[in-house]
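One structure below.
There are 2 protein chains.
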Amino acid sequence: MSSQTQRHPLDDIFHPRSVAIIGASANETRGSGGWVARLLDFGFSGQIYPINPRATEIAGLKAYPNVREIPGPVDYAIFAVPASLVPPIMEDCAVKRVKAVHIFTAGFSETGSERGEALQTDIERIAREANIRVIGPNCMGVYYPAGGLTFSPGFPKEPGSVAFVAQTGAGSSRLVGLAGSRGLRFSKVISYGNAIDLDAPDFLDYLATDEETKFIACYIEGVKDGRYLLESVRKCVRAKPVVILKAGLTEGGSGAAASHTAALSGSAAVWDAFFKQTGTIAVESLEEIIDMAITFLNFSRPQGRRVGIVGRGGGLGVIATDVCEKAGLRVPPYTADTRGQLEKLIPEAGASVRNPVETALGLRAAASFYEEGLKIVCGDPGIDFILTHVGVDVYGGYGSAMHDQLLEAAETLIRLSKTLTKPLAVVFYAGGRLETVAAVMEAQQRCLEGGLAVYSTIEAAAKAISRFLRYHEFIERGMS
Amino acid sequence: MSSQTQRHPLDDIFHPRSVAIIGASANETRGSGGWVARLLDFGFSGQIYPINPRATEIAGLKAYPNVREIPGPVDYAIFAVPASLVPPIMEDCAVKRVKAVHIFTAGFSETGSERGEALQTDIERIAREANIRVIGPNCMGVYYPAGGLTFSPGFPKEPGSVAFVAQTGAGSSRLVGLAGSRGLRFSKVISYGNAIDLDAPDFLDYLATDEETKFIACYIEGVKDGRYLLESVRKCVRAKPVVILKAGLTEGGSGAAASHTAALSGSAAVWDAFFKQTGTIAVESLEEIIDMAITFLNFSRPQGRRVGIVGRGGGLGVIATDVCEKAGLRVPPYTADTRGQLEKLIPEAGASVRNPVETALGLRAAASFYEEGLKIVCGDPGIDFILTHVGVDVYGGYGSAMHDQLLEAAETLIRLSKTLTKPLAVVFYAGGRLETVAAVMEAQQRCLEGGLAVYSTIEAAAKAISRFLRYHEFIERGMS
Chain G
-12 MSSQTQRHPL DDIFHPRSVA IIGASANETR GSGGWVARLL DFGFSGQIYP
38 INPRATEIAG LKAYPNVREI PGPVDYAIFA VPASLVPPIM EDCAVKRVKA
88 VHIFTAGFSE TGSERGEALQ TDIERIAREA NIRVIGPNCM GVYYPAGGLT
138 FSPGFPKEPG SVAFVAQTGA GSSRLVGLAG SRGLRFSKVI SYGNAIDLDA
188 PDFLDYLATD EETKFIACYI EGVKDGRYLL ESVRKCVRAK PVVILKAGLT
238 EGGSGAAASH TAALSGSAAV WDAFFKQTGT IAVESLEEII DMAITFLNFS
288 RPQGRRVGIV GRGGGLGVIA TDVCEKAGLR VPPYTADTRG QLEKLIPEAG
338 ASVRNPVETA LGLRAAASFY EEGLKIVCGD PGIDFILTHV GVDVYGGYGS
388 AMHDQLLEAA ETLIRLSKTL TKPLAVVFYA GGRLETVAAV MEAQQRCLEG
438 GLAVYSTIEA AAKAISRFLR YHEFIERGMS
Chain Y
-12 MSSQTQRHPL DDIFHPRSVA IIGASANETR GSGGWVARLL DFGFSGQIYP
38 INPRATEIAG LKAYPNVREI PGPVDYAIFA VPASLVPPIM EDCAVKRVKA
88 VHIFTAGFSE TGSERGEALQ TDIERIAREA NIRVIGPNCM GVYYPAGGLT
138 FSPGFPKEPG SVAFVAQTGA GSSRLVGLAG SRGLRFSKVI SYGNAIDLDA
188 PDFLDYLATD EETKFIACYI EGVKDGRYLL ESVRKCVRAK PVVILKAGLT
238 EGGSGAAASH TAALSGSAAV WDAFFKQTGT IAVESLEEII DMAITFLNFS
288 RPQGRRVGIV GRGGGLGVIA TDVCEKAGLR VPPYTADTRG QLEKLIPEAG
338 ASVRNPVETA LGLRAAASFY EEGLKIVCGD PGIDFILTHV GVDVYGGYGS
388 AMHDQLLEAA ETLIRLSKTL TKPLAVVFYA GGRLETVAAV MEAQQRCLEG
438 GLAVYSTIEA AAKAISRFLR YHEFIERGMS
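These protein sequence lines are chains G and Y, in that order. The first sequence begins at -12 in my numbering and counts up by one. The second sequence begins at -12 in my numbering and counts up by one.
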């Protein structure tokens, strides 16, 4: 944490020494999942002040009728009261010299109503005059596991290195859940809704130099200050990759965004130019954000776009090849020398060795093929990296044998990836059986812990690696 | 089954009165999963003749040293012997007047070797001279649950109405598995590999008038007779929808296809013209085949492309809108009247009613919203159909309560879909937790049984419905 004199305005949000919960429920207890319980259960180490005029104690903490009565200073306040109560309580916060607030409450300009607009204008004025920084309104606020802050009791407590800045609360929850099941953890997640004060550029500016963050993803509906966004994204991209899911770029989507966070979406052409100019990676779904994070955290940069594919199934190999080439990768045939070596390794008639090369049938046979086969493919001078697809459904076998063999195959791939001179990406494909889905989730997490880039489909892997290469090409052009 | 005099050549394959298994393993038993056991365990009702010179009995059936010694007639033979043994045994089949064979064996022209080419030429000559129809070589053959035929012991025994014709064996297995987990069942699946005799057009010609088949999907790497394909596809499209996954359309993919089934892929432009000219639906993955099948089997034709979206999460609604519009659908705002009615139903501040409309939080609240909300959206004159997305991850709740509430929500949607005057499509989104994945799989199957079109992502639903509308527009133009 920075010392008090050099404190960044956002440190009052990420490292508050005290938090007031305005509108804490009177019957909240530890484990109840309310705003007070979230901080207590997440191990927030600062002061917590529940505010409720009808309670004297909440979840074992002394409750106050309003912020003005709190004895010590208040760095940060979370608003969970009806919209009409927000302006008068903001006035209290001004008197109390609260540094920053998160307004969870919705019902402002996103409603399109005059009343909502007027309430929002009031808050903006009070905040500006009292120099209170605001997250929201109409948002979930901050998840910062290292600092004991969360907006969901179910989120992981371990911190990671992925930051997510988003105008969507439900989308943020979905991303944390999905990413968690793939083994990813977060440095900071900020759901900032209508963005009447703090906007994407403010968070990006902070994250650019945040040592806890190695990868930044954003969900943006609109920004107020385009030039500031350009500057802050440029500052980030020089230091770490930035991925943006820009929502509201279609006619209907733009209208929906207006009604969600009152955002002005901007035109697709403008955003397209922005992405190209800044080296930002544009994605279209939350799943693509996760695939990009995994690629940046666990995949080394290959020399080029030529991929050697290894997996079971002739037709599935043809589909995999088409998918890779459509994503901008190249799947050249292996050299005659490589093919000769692969043929000796695969006694099976009809198995292709051209690229893709087919492994033998069965997970155990596949794993034993990897020992020599990946080395041979890696040695091919026409190949820059390897993509192995492990189709648990086509390898057959069920129950504990399948589970154990899949985990063994994962360990083999983790071990080999450390000895290969070219990067290795892995796709575990589960198919439709719940038990293979369960085993694949476990294998994916194990691979990610083991430092391996792992994906759920070949489409996802090919798209992510192609974008990853484009980012590096952009950075290189900038450097030269 | 047709009477013997009017027998279609393919009836010897789909309705053989007797099957010889050439190369049956001597120690095969029921349940062992071998070719003999597959037929026995699947309830094939005709004669089964295991052929193995070193056995007198296999799985309780009398074994013969070669096909010529079989006492009765043989309609169909399955070859599971090394490639070099196939030509001499084909000569035996010619003597025995076997009507059709499936050559499972690989190692022919797909290897690119002179020896493989020569062996394949031999088989082609023998088959032509003796008028033996051939599936393969280098393929899995036939899965026809109603007739007791299968190439995998794990496939469902219940028949359905989806046919799949494919040059890929592993891909066919994957499709049956994935489709099965979504609740789909098959009329006939044919994996036909190198296609030295019977090719995609032969199977399509048969399926066009096959009453057991309502939807046809193909995986094609190449065809020998383009004109015949055009004719047979036209015959099908007049009667039922045809979906084609054309593999090998990229440079690398075309090379991979040559090495998989020795197919000549053809150019992307030619295939594109073919799809447009015939009204065939082009897809890019096995998953898209399944989504098309579900749409054609369970979704009624809407009047147009204007969709009313219902689901939780403002940002997720914006993403959903973008996804739908990018897929060629339209998401217009609801009328003022509709919005007014929806506002009364949703007391929550900040919830959008513009389109998408946001349901309240929680699965139970969502289900109770559907009762009135779907009727209101359905009544909007600017909307042609409804898409409801149920994000189990954002609704929160876990364990048996989540499971039961999800199933209740599914039952509510099934019931309401029968009363609505416009078509309803549903997306169940599981997120990353295994227990939600399990519950969603169950809810999807229940919806499919209940006649509801159900998908795993909004992307999948939007793409499939857009293609479905394009098919109907094509048919209509042809009729007018």
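From the three backbone atoms N, C-alpha and C, an ideal C-beta is built for every residue, glycine too.
Sequence-distant residues of the same chain with beta carbon closer than 8 Å to residue i, five excluded per side
i, result
"Gln(-9) (chain G)", "In this predicted model, Gln(-9) (chain G) has a pLDDT of only 48, less than 50, meaning its place in the structure is not dependable enough to derive any value."
"Ile506 (chain G)", "This structure does not reach residue 506 (chain G), given that chain G is present from -12 up to 467, and the question cannot be answered."
"His459 (chain G)", "Arg288"
"Thr200 (chain Y)", "Ser148, Val149, Ala150, Ser174, Lys175, Leu194, Lys227"
Sequence-distant residues of its chain with Cβ nearer than 7 Å to residue i (five each side left out)
i, result
"Ala249 (chain Y)", "Ser96, Glu97, Asn181"
"His390 (chain Y)", "Ala426"
"Leu216 (chain G)", "Ala187, Pro188, Val210"
"Ala347 (chain G)", "Ile333, Glu335, Ala353, Phe356"
"Thr65 (chain G)", "Before going on, a small fix: residue 65 (chain G) reads as Ile here, not Thr. Around Ile65 (chain G): Val6, Ile8, Ile9, Trp22, His89, Phe91, Gly128."
"Ala269 (chain G)", "Ile231, Lys233, Phe262"
Minimum Cβ-Cβ distance from residue i to chain Y less than 9 Å
i, result
"Thr5 (chain G)", "The amino acid at residue 5 (chain G) is misidentified as Thr; the sequence shows Ser. It does not: the Cβ of Ser5 (chain G) has no partner Cβ on chain Y nearer than 9 Å."
"Lys409 (chain G)", "no"
"Pro320 (chain G)", "yes"
"Ser(-10) (chain G)", "With a pLDDT of only 46 at Ser(-10) (chain G), under 50, the local geometry of the prediction cannot be trusted, and no value is derived from it."
"Tyr206 (chain G)", "yes"
"Arg112 (chain G)", "no"
Top-ranked residue by Cα proximity to residue i, from the options
i, options, result
"Pro40 (chain Y)", "Y:Ala11, Y:Ile90, Y:Phe415", "Y:Ala11"
"Val310 (chain G)", "Y:Tyr382, Y:Gly240, Y:Ala323", "Y:Gly240"
"Asp380 (chain G)", "Y:Ser159, Y:Gly386, Y:Arg55", "Y:Ser159"
"Ala448 (chain G)", "G:Leu411, G:Gly438, G:Tyr458, G:Glu436", "G:Leu411"
"Ala468 (chain G)", "G:Thr406, G:Ser453, G:Ile401", "Absent from the model: residue 468 (chain G). The displayed extent of chain G is -12 to 467, so no value can be given."
"Pro228 (chain G)", "G:Thr267, G:Glu274, G:Ala234, G:Gly213", "G:Thr267"
"Arg293 (chain G)", "G:Glu271, G:Gly301, G:Leu316", "G:Leu316"
"Ser100 (chain Y)", "Y:Phe372, Y:Glu78, Y:Ile76, Y:Ala70", "Y:Ala70"
"Ala397 (chain Y)", "Y:Gly386, Y:Tyr416, Y:Ala117, Y:Gly141", "Y:Tyr416"
"Glu271 (chain G)", "G:Val414, G:Asp367, G:Leu236", "G:Leu236"
"Gly30 (chain G)", "G:Phe142, G:Phe202, G:Ala105, G:Asn53", "G:Phe142"
"Arg299 (chain G)", "G:Ala338, G:Val61, G:Ala245", "G:Ala338"
"Ile462 (chain Y)", "Y:Pro343, Y:Val224, Y:Pro124, Y:Gly384", "Y:Val224"
"Val73 (chain G)", "G:Arg112, G:Ile35, G:Pro60, G:Ile203", "G:Arg112"
Minimum Cβ-Cβ distance from residue i to chain G less than 9 Å
i, result
"Ser19 (chain Y)", "no"
"Thr237 (chain Y)", "yes"
"Pro146 (chain Y)", "no"
"Leu273 (chain Y)", "yes"
"Asp309 (chain Y)", "yes"
"Asp79 (chain Y)", "no"
"Ser533 (chain Y)", "The structure shown has nothing for residue 533 (chain Y), since chain Y only spans -12 to 467."
"Ala153 (chain Y)", "yes"
"Asp380 (chain Y)", "yes"
"Lys331 (chain Y)", "no"
"Ser174 (chain Y)", "no"
Strand pairing of residue i, partner residues [DSSP]
i, result
"Gly298 (chain Y)", "Y:Glu345, Y:His376"
"Val229 (chain G)", "G:Ile203"
"Val73 (chain G)", "In DSSP, Val73 (chain G) forms no bridge with anything."
"Ala440 (chain Y)", "Y:Ala412"
"Ile445 (chain Y)", "BP columns for Ile445 (chain Y) are empty, so no partner."
"Leu48 (chain G)", "G:Ile45"
"Phe66 (chain G)", "G:Ile9, G:Ile90"
Residues near residue i in its chain [Cβ-Cβ closer than 6 Å; skip 5 each side]
i, result
"Ala451 (chain G)", "Asp278, Met279, Thr282"
"Lys175 (chain G)", "Tyr131, Ala150"
"Ile122 (chain Y)", "His89, Gly128, Tyr179, Leu185"
What are the start and end residues of each continuous beta strand (DSSP E) run of 3 or more residues lying completely inside the segment 92 to 140 of chain G, in chain order?
-> Those beta strand (DSSP E) runs which fall completely within the segment 92 to 140 of chain G and span 3+ residues are 120 to 122, 128 to 130.
Segments assigned alpha helix (DSSP H), at least 4 residues, entirely inside the segment 137 to 191 of chain Y | Within the segment 137 to 191 of chain Y, the complete alpha helix (DSSP H) runs of at least 4 residues are 156 to 168.
Those runs of the alpha helix (DSSP H) which lie wholly inside the segment 267 to 337 of chain G and span at least 4 residues = Within the segment 267 to 337 of chain G, the complete alpha helix (DSSP H) runs of at least 4 residues fall at 273 to 285, 301 to 313, 323 to 332.
Could you tell me which uninterrupted beta strand (DSSP E) segments, each at least 3 residues in length, are contained entirely in the segment -11 to 45 of chain Y, listed from first to last along the chain?
-> For the segment -11 to 45 of chain Y, whole beta strand (DSSP E) runs of length 3 or above, ordered along the chain, are 5 to 9, 34 to 38.
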